[in-house]
Amino acid sequence: MKTPHIPVLLNETIDLFKNIKDGYFVDCTLGFGGHSEEMLKRYPHIKLIGIDQDSDAMEFAKKRLSKYANRVEFINKRASEALKELKGLNISGILADIGVSSFQLDNAKRGFTFDSDTLDMRMNKNQEFSAKDVVNFYDRESLERVIKDYSEDRRYKKIVDFIIKNRPITSNRELSEVLMKAGLKDKKNLAPIFQAIRIEVNNELNELNSILDESEKLAGDGTILGIITFHSLEDRIVKNRFKKWARKCICPPEAIRCECGGNNQKGIILTKKPITASKEEIKQNPRSRSAKLRGFMFKEKNE
Ligand SMILES: C[S@@+](CC[C@H](N)C(=O)[O-])C[C@H]1O[C@@H](n2cnc3c(N)ncnc32)[C@H](O)[C@@H]1O
611 MKTPHIPVLL NETIDLFKNI KDGYFVDCTL GFGGHSEEML KRYPHIKLIG
661 IDQDSDAMEF AKKRLSKYAN RVEFINKRAS EALKELKGLN ISGILADIGV
711 SSFQLDNAKR GFTFDSDTLD MRMNKNQEFS AKDVVNFYDR ESLERVIKDY
761 SEDRRYKKIV DFIIKNRPIT SNRELSEVLM KAGLKDKKNL APIFQAIRIE
811 VNNELNELNS ILDESEKLAG DGTILGIITF HSLEDRIVKN RFKKWARKCI
861 CPPEAIRCEC GGNNQKGIIL TKKPITASKE EIKQNPRSRS AKLRGFMFKE
911 KNE
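When you line the sequence shown up against our numbering, it's residues 611 to 913, in that order.
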């Protein structure tokens with residue numbers, strides 16, 4: 611089946627789950643089902659729950675995975691909500707390949723491309739809040755926060771000034787022109803600003819934090835969690851959370867001696883350093899360049 615999205619770090623991700631036990635594997639970002647299909651093929655003892663907030667992607671994945679129909683269930687929601695429904699299930703693995711699919715990025719109608727006629731950027735088409743609201747209705751302070759925190763571009767004040775002066779902005783094409791007037795010369799400069807607005811529209815960092823929170827609640831002994839991120843803000847969140855989970859002692863740094871019992875480790879980090887794409891993969895799929903995979907294995911809860 612020809613797919614509009616090439617899964618990144620495919621072999622590395624499947625290998626991360628090599629010790630997966632019986633039970634459910636939850637793909638929080640099913641997309642076009644690339645990772646899920648390989649998981650079902652390679653690990654015949656698992657059942658799969660595929661989550662995606664994008665109904666177009668889910669329709670495609672349903673067809674692709676139809677030969678595994680008796681082992682697969684689908685939930686068309688945000689992962690943060692869907693994971694809450696899985697309480698009580700025996701979950702042996704969880705994967706989140708967060709970010710935007712190539713289909714979403716390349717399809718001008720979805721309003722992610724620089725030259726799109728719309729200003730949208732929603733992964734979930736049922737959500738009302740879109741890039742139009744961020745660009746046209748945020749006050750200066752809120753817009754500066756978005757651009758500063760999520761693009762890390764030091765010219766954020768000037769950029770916001772130009773956006774506000776040129777309102778209303780109705781398409782990505784117009785937004786690109788305004789950003790160019792503000793001094794951003796090329797796509798390389800535009801990309802982080804578009805990314806910042808997209809992060810805000812889809813509440814991406816809060817979603818990632820919720821996926822980590824819910825995974826911790828769902829995990830049992832041996833549950834493996836794999837997270838693939840595409841920019842440093844996300845990777846930092848995952849790295850720090852895994853470090854926190856791996857810590858035996860959770861006493862504050864200023865404590866003179868350990869008073870927590872030193873028995874708070876929730877599991878082990880499976881990837882000392884993040885796994886990144888090989889030169890070969892980057893050549894075939896340039897979008898894999900920024901992908902980072904990190905893995906964690908939970909141990910039995912001490913309760
Ligand atoms: C990078 S793609 C995943 C591709 C997939 N691994 C594959 O092999 O086809 C990301 C997908 O996750 C979805 N997504 C991102 N964040 C999500 C979230 N918080 N909840 C549900 N779906 C999400 C997007 O709609 C998109 O379809």
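Glycine included, C-beta positions come from ideal geometry on N, C-alpha and C. Treat the numbers as computed from the prediction; the structure is a model and nothing was measured.
Backbone secondary structure at residue i - three-state DSSP
i: LEU640; result: coil
i: PHE635; result: strand
i: ILE779; result: coil
i: LEU699; result: coil
i: ILE807; result: helix
i: ALA741; result: helix
i: TYR678; result: helix
i: GLU764; result: Before going on, a small fix: residue 764 reads as Arg here, not Glu. Here ARG764 sits in coil by DSSP.
i: THR613; result: coil
i: ASP823; result: helix
i: LYS628; result: coil
i: LEU794; result: coil
i: PHE852; result: helix
i: PHE772; result: helix
i: VAL618; result: coil
i: ILE915; result: Past the edges of the chain, shown from 611 to 913, lies residue 915, and the structure says nothing about it.
i: LEU729; result: coil
i: PRO896; result: helix
i: GLU751; result: helix
i: GLU864; result: coil
i: ARG688; result: coil
i: ASN813; result: coil
i: ALA718; result: helix
i: ASP664; result: coil
i: ARG857; result: coil
Residue i CB to nearest heavy atom of ligand 1 below 6 Å
i: SER711; result: yes
i: MET733; result: yes
i: PRO896; result: no
i: THR723; result: no
i: ASP730; result: no
i: ALA667; result: yes
i: HIS841; result: no
i: ILE757; result: no
i: ARG851; result: no
i: PHE684; result: no
i: ILE708; result: yes
i: GLN737; result: no
i: GLY644; result: yes
i: GLY660; result: no
i: ALA689; result: yes
i: GLY905; result: no
i: ASP845; result: no
i: GLY641; result: yes
i: GLN663; result: yes
i: GLU817; result: yes
i: PRO862; result: no
i: HIS655; result: no
i: PRO617; result: yes
Identified DSSP bridge partners for residue i
i: VAL756; result: DSSP, once it has assigned bridges, lists no residue as partnering VAL756.
i: GLY905; result: GLY836
i: GLU683; result: ILE659
i: GLY877; result: PHE908
i: ASP707; result: ILE838
i: ILE885; result: LEU903
Short CB-CB distance (under 7 Å) between residue i and chain D
i: LYS697; result: Within the model displayed, chain D is absent; a lone protein chain is all it includes.
Near ligand 2: residue i beta-carbon under 6 Å from a heavy atom
i: ILE616; result: What this structure holds is ligand 1, not ligand 2.
Segment contact, 8 Å Cβ cut-off, at least three pairs: the region 810–827 with the region 862–872
Short answer: they don't touch.
Taking contact to mean 3 or more Cβ pairs, one atom from each stretch, closer than 8 Å, check whether the region 685–695 and the region 715–727 are in contact.
In this structure the region 685–695 does not lie against the region 715–727, because fewer than three pairs of beta carbons, one per stretch, are closer than 8 Å.
Determine, using beta-carbon pairs with one atom in the region 658–675 and one in the region 618–630, whether at least three such pairs fall under 8 Å.
Taking 8 Å as the limit for Cβ pairs, the verdict is that the region 618–630 does not touch the region 658–675.
Segment contact flag, the region 790–803 with the region 868–882, C-beta cutoff 8 Å, min 3 pairs
Three or more beta-carbon pairs separated by less than 8 Å are not found between the region 790–803 and the region 868–882, which leaves the two stretches without contact.
Flag this pair as touching only if the region 843–854 and the region 721–734 have three or more C-beta atom pairs under 8 Å; answer yes or no.
Short answer: they don't touch.
On the three-pair Cβ rule with 8 Å, is the region 768–782 touching the region 705–713?
Counting Cβ pairs under 8 Å, fewer than three are found: no touch.
The region 739–756 / the region 804–814 touching (three or more Cβ pairs under 8 Å):
Because the criterion of three Cβ pairs below 8 Å is met, the region 739–756 and the region 804–814 touch.
Below 8 Å, can you find three or more Cβ-Cβ pairs linking the region 900–911 to the region 830–842?
Taking 8 Å as the limit for Cβ pairs, the verdict is that the region 830–842 does touch the region 900–911.
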